[in-house]
Amino acid sequence: METRSAKRRRLSLLQDGTGDHDASSGLPTRHRRQISDLPDDVLRHIFTFLPIKSIAKTSLVSKHWAALWRSLPDLDFTTIESSDRGISALEKLIMSNRPNLEFPQGFLKFLYIVDPEQDFIRQVLRHRSRSPQPRDGLRLLRFCAYLSFTRLNNLMRDAFRHKVKTLDIEVATKDYFNLPKRVATSEHLQAFRFVSRFPGFRLPPLSTMKNGFRSLRKLHLSGVILYNQPFLLDLFTESSFPALRKLSLSRCLGLEKISIKCGALESVVVKNCSKMNFLEVRGPKLERLRVSGCFPRGRHMCVLNIYAPRLDVLDWEGSDVPDHCCVHNSNPAIRVSLGFLSIKVEDIDEKPARSLLRFLSRISHARSLRMDSLSIKILGNMDGLEVLRPFENLAHLELSTFTGRPYIPPLVSLFMNAPFVECLHIKLVPDHNMRKNQLNGNLAHLWDESVSEEEKQWEIRSKATGSFLDHLNVVKITGLLDCEEEVSLTKFLLRHGKSLNKMILCLEAGKVKDSILKKKIRSRIVEFSKVASKAEISFC
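Going by this note's numbering, the residue at position 31 of the sequence shown is 13; the numbering climbs one at a time, nothing skipped.
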């Protein structure tokens, strides 16, 4: 029912001659025409911000809008949001087939159930088939659905009829199947992302793979079954993927050995392949390599071979130290990040320590290096740190480390072998087995003029780290002031950092909550003696 105020406003517009209305849309004709007068490219860009069902409704406005809908280059069906009732029914359906399966938060909310009689996705694709299509075809098709392999195969077949360039599919299905051959044989497909929430799909035969993917530039596979498939050593080659630039493999079940040798590759990501023990990556144009959750501990002879002269970023996360490591890289600006699998102190022996030293020697030309606390712990439980190869090109060093006397030798060894570091970032990690002298409101050690045992250990090694201290320009320490050992490191760097311009100290949230206590801590640290008079101390 129209309110009085709305009626007065409508009559006022009509009297002004500016309120002509379209009976079908209810919108002022002048405003509707202003939108329709926009260039088609602008209208299609506006469509990218709308849910796909809302875009479909615009086809009712006019023939022009209907033509825009039929020629829309990007079809993203992940904006179809399921109702709470649908999500509940879907959970029961999935759990009845695959119990104890975990999904990302919010995944089921956008998981589309393909109805054999009312398949909205296929209806849209068929509707486009009956209309004149742009020469460029379909630029993007993206959907997340629970469906059978037959339905999936039909959808993919329709997509390839429209010369789809980017195919982004996330599926949950109870079927086991091979990836359709037309994925490999498509002449137009440039980017393919396929995620199976139920690990149940396999790659096509090698003969199909070797003769396909001529135009593919980006490939992401997750949930693929790769048990007993030795052809993986010959699959990712220049002949099979001549245009491939980005490759991502995730949760590949049974993947133990893989060789990647594609000449156009720029980025490779391999993660959560828990059985992998052999990885070879060769790429003259490769710039970024990330390995995460691979190389399990306890496997015999894990091998890593990297031949990438232009490699700029190497991320090694949550994986064991490889027994054999060969890195051929000549890029002086390479940035390396190392984070290894958790290991108990009693399990650290000479083998992982020697493997870590070999790994570090292969990346000694790095410009930036980040090491996790486990790396420091491994180095701290071995002798012969003097064999560590110098990092003479290193300018930025980031360390996550425990505190206390056992960790001073490995830190000193790193400082000695990184003589030209300008920026140092230390993240202090609490070691619950060695905590002592906690603050708990007692700041006695901050005002104590006597030299602690930790300070003595640092002072003994000041000459050995002379070059490192002479070039150090910026220091940032986070997680500070949990125990006396942390303060001793701060004092040492201030006392001997001749070129130090700035020190940033971050008190760990939750450790020091009292605001008055914080002020006392800050004021006392500022009073610490420092060799560089221009050094500025700031807090965060």
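Glycine is no exception: its CB is placed at the ideal position from the N, C-alpha and C atoms.
Asked, Found
"Cutting at 8 Å between CB atoms, please list the residues of its own chain near Pro314, excluding the five before and the five after it.", "His347, Arg349 and Asn375"
"State the CB to CB distance for the pair Cys307 and Arg340, rounded to an integer number of angstroms; the pair is presumed to be in contact (CB under 8 Å).", "6 Å"
"What's the gap between the Cα of Cys522 and the Cα of Leu268?", "38 Å"
"Put Gln87 into one of helix, strand or coil per three-state DSSP.", "At Gln87, the pLDDT of 47 sits below 50, so the modelled position is not reliable and the matter cannot be decided from this model."
"If I measure Cβ to Cβ from Ser168 and keep anything under 7 Å in the same chain, skipping five residues before and after, which residues do I get?", "Phe142"
"Which class does Phe523 belong to by DSSP, given the choice of helix, strand or coil?", "This structure cannot speak to residue 523, because the chain is shown only from -17 to 522."
"Report all residues from its chain with a CB closer than 6 Å to the CB of Asn135; omit the five preceding and five following residues, and keep chain order.", "Pro162"
"Taking Cβ to Cβ, would you say Ile459 is nearer than 8 Å to Ile408?", "yes"
"Can you name the start and end residues of the alpha helix (DSSP H) that Glu436 belongs to?", "Glu435 to Ile442"
"Would you kindly check if the distance between the Cβ of Phe174 and the Cβ of Leu208 is under 8 Å?", "no"
"With DSSP run on the structure shown, which of helix, strand or coil describes Asn422?", "Reliability of the predicted coordinates at Asn422 is poor, the pLDDT of 47 falling under 50, and the value obtained from them is presented with this limitation in mind. Looking at Asn422 - three-state DSSP - the assignment turns out to be coil, as it is neither helix nor strand."
"Express the C-alpha separation of Ile519 and Lys501 in angstroms, rounding to a whole number.", "14 Å"
"Measuring straight from C-alpha to C-alpha, what distance separates Leu261 and His310?", "14 Å"
"Rounded to whole angstroms, what's the CA-CA distance from Ser274 to Leu462? Just pull it up for me.", "29 Å"
"Among Asn210, Ala400, His27 and Phe195, which one has its Cα closest to the Cα of Cys244?", "Phe195"
"With distances taken Cα to Cα, identify the nearest neighbour of Ile360 among Pro391, Glu380, Ala377 and His378.", "Pro391"
"Comparing C-alpha positions only, which one of Gly205, Ser355 and His27 sits nearest to Phe384?", "Ser355"
"Please list the terminal residues of the continuous beta strand (DSSP E) segment that includes Ile486.", "Lys484 to Leu489"
"Mark Met283 as exposed unless 16 or more other C-beta atoms lie within 10 angstroms of its C-beta, in which case mark it buried.", "exposed"
"I believe Phe29 touches Ile17 by the beta-carbon criterion, under 8 Å. Please report the beta-carbon distance rounded to the nearest angstrom.", "Actually they are not in contact, since the Cβ atoms of Phe29 and Ile17 sit about 12 Å apart, beyond 8 Å."
"Give me the residue from Ile240, Ser343, Leu32 and Arg52 with the minimum Cα distance to Ile62.", "Leu32"
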